[in-house]
Amino acid sequence: MTTLTVGRASVPTKYLPVLVTGCLFLAMFVAGGIRYEGFASGQVILNVFIDNAFLLVVAVGMTFVILTGGIDLSVGSVVALSTMISASLMAGPGWPPYLVIPLVLVIGSGLGLVMGYIVHAFDIQPFIVTLAGMFLARGLCYTIGTESIPIEDPTFTAFAQARLDLFADMWISPSVIVAVVVVLAAVYVLHYTRLGRAVYATGGSEQSALLMGLPVARTKITVYTISGFCSALGGVLLSFYMLSGYGLHAVGMELDAIAAVVIGGTLLTGGSGFLLGTVLGVLVLGLIQTIISFEGTLSSWWTKIFIGMLLFAFILLQRLFSARSRR
Amino acid sequence: MIAPAPVLTMSGIGKQFPGVKALDGVDLRLLPGEVHALMGENGAGKSTLIKVLTGVHPADAGTIELAGAPVAFASPLEAQHAGISTVYQEVNLCTNLSVAENIFIGREPRRRGRIDWKRMRARAGELLARLELSLDVSAPLSTYSLAIQQMVAIARAIDIEARVLILDEPTSSLDGDEVEQLFRVMRRLKEEGIAILFVSHFLDQVYEISDRMTILRNGRLVGEHLTERLPQVELVAKMIGQELEELERMHGEAGVFDRPLVEARELGRAGAIEPFTLTIHEGEVVGLAGLLGSGRTEIARLLFGADHAGTGEIAVGGAPVALRTPRAAMNHKIAFCSENRKADGLIPDLTVRENIILALQATRGWTRPVPREQQDELVGRYIKALKISPPNPEHLVRDLSGGNQQKVVLARWLILEPRLLILDEPTRGIDVGAKAEIQRLVAELSGGGMAVLFISAELEEVLRLSHKVEVLRDRRLVAELPNDGELTTDVLMETIASGGRAS
């Protein structure tokens, strides 16, 4: 792909949003490093990954959906449902994790498949369909139990607490590996398979994609299935992180995921954006939390205020870009 | 020259839509290596015939044979696989993807399951070279002009071993050079033995490029002719089924008007149009001539309050007014038929009646609905006056042909009984017959005392209708010419070219 436009050394506009997010992340990191002692270390960044691995996985699924011009509001509830199913199955009947985890992934994908099918077959706005899915999944959590269920399965907890040591005293959790694998697989799918290109085409112009003979219906159903799968996997990672299943886990996570995707420069109208942007978006969100915890005196609600302001800024930025490219 | 065997033969095609017989016993044959023009007014059945051919609609009667074997396509995709590709007027590509992708998406070259980007770009380059185009195939399609996008659509179409290429009004949004480029490509494809079906409203273009033509009228076949043996006048007569004498006779003339209606003094807007002074009298038709982008539409938008004027003032009927919004302009009985009827004017999912009544309702406010009886009476009157077809007020506007949609927009504004009617390219993309009717209507309206500001890219049309012509160049009003006997299209073109320095 060309990285230079003819004549002068500039980045094509399609990479610009990602670049802006990247610069923002760097600026935040440098500012944090100057202001706080012990901030400018590799482990701070790795911690952002460790604390947000589940969000990253969920945001990957969300990126697929948003690239087609859709939205998936059900992801937070599906995450909660996944933690609840895992915890209850391991605590009650004592199922082993290697049975529970695949089952959870199948349930999550199934939910996504059904929502995708409804979006396509009845031509209903994804917003409404996934809103219904959100209530459904959240409600299902409480049919399993209203209290938090601790996870005590030894294999599960061992995996959850494992530390993979890197060089120079740095470490990551296995969840980070899972998230990175998911990101790499998603990048491959988006850029090197027909499915991925159909995702971009559908988001660019559904009508044209249809007339060009692309399997638009299958693509749309598939992205919701992928999002469902990613939510379920995010749920599994969250249960590693929390070691419990609870109906109130991941409340509002769908909005964090959407925020990460948008801050990463993906257009909500679809057809334009990169997964790298989403990764950077998640990192920016995570770094905001880290800075607030370093500051110490600020309440954690400031995180939301910063995310809110960032979102405004980025949506305005997108508006500017799309206005200019239309000319 | 002995004609080779046709690659495609359609015979006795019939198609019935609820209430309309769209096609009745139509034959069409396409010969390899020929450009075949499909001619007819709007609503003559050209689009329907193409849709039947490409499998959008099934035919009710008749047969289609491709290379001697009977075929019936269930979808455009099936037709494509059989070698019949269509490029539509609105380019149906994804502008967010790269040029190469737009050509190959859905059948990208792959190696071991993954898309082979390198090979795809190379092949796209080769394919475009065949069309004498050299583009950066990895750049997003949106960076190229509409004309180039159209070429890319053609490249996509011919990559599928096309035997028949259908170009449905490909030139309507291209400028002169771009049309030339398209024609070069068409000639090239013709040499390769592809049969091209070409639909266009521009007669000159049809005569330049086509070898043979089939003419339709009201869903029936009028005949198939070799282009070189059919003079233009006869073609037009065949298309509309009557002589155009009346229209030929029509010519605007300079007149004396003494009751100024709208006076603009030094009205201007930075970046859009330099300050201009213009007086439009009652009953006067003022033509705006100039190239695309010379500021024609900008003047119209200022007079209608769609844009804010930066400088100058405007007076209606002698009293200074502020036209800050279209609504304010409407209150002063100024109406504006915009250039882009699909995007700015019509609501395709509403009926003809609802679309016509819309502006009237807007001026009354929603608390005072127009009584149904009055609606029916008004709509009926205008459907009749403008000969909107089909004459059914409850028809959805989306199902109407382009010319009839334009008439609906016109009716919507006429119902308000405006004193100044601004028409921006009212005849673009519509056929000769509807064009003549709209022109006649403009003449009638001005005869009745309405002032008309008439914008058109066709200088003949401007001359035919206007009492005086304002010439624009580079966003500046450069000349005002009374339409006397000496004003010809040549003079107009000269003025546009010289920027009014000569006069």
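As given, the protein sequences belong to chains F and Y, one line each in that order.
Following UniProt numbering, the numbering of the first sequence begins with 1 at its first residue and continues without gaps.
Following UniProt numbering, the numbering of the second sequence begins with 1 at its first residue and continues without gaps.
For glycine and all other residues, C-beta sits at the position ideal for the given N, C-alpha and C.
| query | result |
| --- | --- |
| Cysteine 337 of chain Y - partner residues in DSSP beta bridges | Y:Leu423 |
| Buried versus exposed call for phenylalanine 135 of chain F [16 or more other C-beta atoms within 10 Å across all chains shown] | exposed |
| Element boundaries [beta strand (DSSP E), containing leucine 481 of chain Y] | 476-482 |
| Counted within 10 angstroms of its Cβ, other Cβ atoms place glutamine 374 of chain Y as buried (16 or more) or exposed | exposed |
| Assigned secondary structure, glutamate 161 of chain Y (DSSP; H/G/I helix, E/B strand, else coil) | coil |
| Integer Cβ distance of leucine 31 of chain Y from proline 58 of chain Y, believed to fall under 8 Å | Going by Cβ atoms, the distance from leucine 31 of chain Y to proline 58 of chain Y rounds to 25 Å, so no, they are not a contact pair. |
| The beta strand (DSSP E) enclosing proline 275 of chain Y, as first and last residue numbers | 273-281 |
| Helix, strand or coil at leucine 257 of chain F according to DSSP, with G and I counted as helix | According to the sequence shown, residue 257 of chain F is alanine rather than leucine. Correct three-state label for alanine 257 of chain F: helix. |
| Beta strand (DSSP E) segment containing leucine 8 of chain Y, residue limits | 8-17 |
| Test item: CB-CB of glycine 12 of chain Y and glycine 62 of chain Y under 8 Å | yes |
| Exposure of lysine 384 of chain Y, with buried meaning 16 or more beta-carbon neighbours within 10 Å | exposed |
| Glutamate 266 of chain Y, enclosing beta strand (DSSP E) - first and last residue | 260-269 |
| Cβ-based contacts, 7 Å cut-off: residues of the region 182-200 of chain F near chain Y | Tyr192, Thr193, Arg194, Arg197, Tyr200 |
| Among Y:Leu441, Y:Ala479, Y:Val52, the one whose alpha carbon lies nearest that of methionine 450 of chain Y | Y:Leu441 |
| Amino acids of chain Y, ordered along the chain, whose beta-carbon sits closer than 7 Å to that of alanine 209 of chain F | Cys94 |
| Runs of alpha helix (DSSP H) lying entirely within the region 84-114 of chain F, each at least 4 residues, in chain order | none |
| 6 Å CB neighbourhood of arginine 138 of chain F in its chain, flanking five on each side removed | Ser77 |
| Where the alpha helix (DSSP H) containing leucine 410 of chain Y begins and where it ends | 402-414 |
| Residue from Y:Val478, Y:Ala457, Y:Arg464 with nearest C-alpha to glycine 485 of chain Y | Y:Arg464 |
| Euclidean distance between Cα positions of threonine 13 of chain F and glutamine 318 of chain F | 11 Å |
| Selection of the region 77-109 of chain Y by Cβ proximity to chain F, strictly under 7 Å | Leu77, Gln80, Asn92, Leu93, Cys94, Thr95, Asn96, Leu97, Glu101, Ile105, Gly106, Glu108 |
| Closest residue to proline 275 of chain Y among Y:Val206, Y:Gly448, Y:Gly312 (Cα-Cα distance) | Y:Gly312 |
| Boundaries (first-last residue) of the beta strand (DSSP E) holding threonine 63 of chain Y | 61-66 |
| According to DSSP, residues forming a beta bridge with glutamate 69 of chain Y | Residue identity differs from the one stated: residue 69 of chain Y is alanine in this sequence, not glutamate. Answer is Y:Leu66. |
| The region 214-228 of chain F: positions lying closer than 9 Å to chain Y by Cβ | Leu214, Pro215 |
| Bridge-paired residues (DSSP) for histidine 36 of chain Y | Y:Leu197, Y:Arg212 |
| Continuous beta strand (DSSP E) stretch holding serine 85 of chain Y: start and end | 84-87 |
| Under the three-state DSSP convention, the category serine 244 of chain F falls into | strand |
| Top-ranked residue by Cα proximity to cysteine 230 of chain F, from F:Met62, F:Thr193, F:Met115, F:Phe29 | F:Met62 |
| Within-8 Å CB hit, proline 140 of chain Y to chain F | yes |
| Length at least 3, wholly inside the region 256-301 of chain F: the beta strand (DSSP E) runs in chain order | none |
| Partner residues on chain F for isoleucine 115 of chain Y, Cβ-Cβ distance less than 9 Å | His191, Tyr192, Thr193, Arg194, Gly196, Arg197 |
| Chain-ordered neighbours of glycine 204 of chain F on chain Y, where CB pairs are closer than 8 Å | Cys94, Thr95, Asn96, Leu97 |
| Through-space distance from phenylalanine 312 of chain F to serine 200 of chain Y, alpha-carbon basis | 47 Å |
| Delimiting residues of the beta strand (DSSP E) encompassing threonine 470 of chain Y | The sequence as given places glutamate at residue 470 of chain Y; threonine does not occur at that position. 468-473 is the extent of the beta strand (DSSP E) around glutamate 470 of chain Y. |
| Minimum Cβ-Cβ distance from glycine 271 of chain F to chain Y less than 8 Å | yes |
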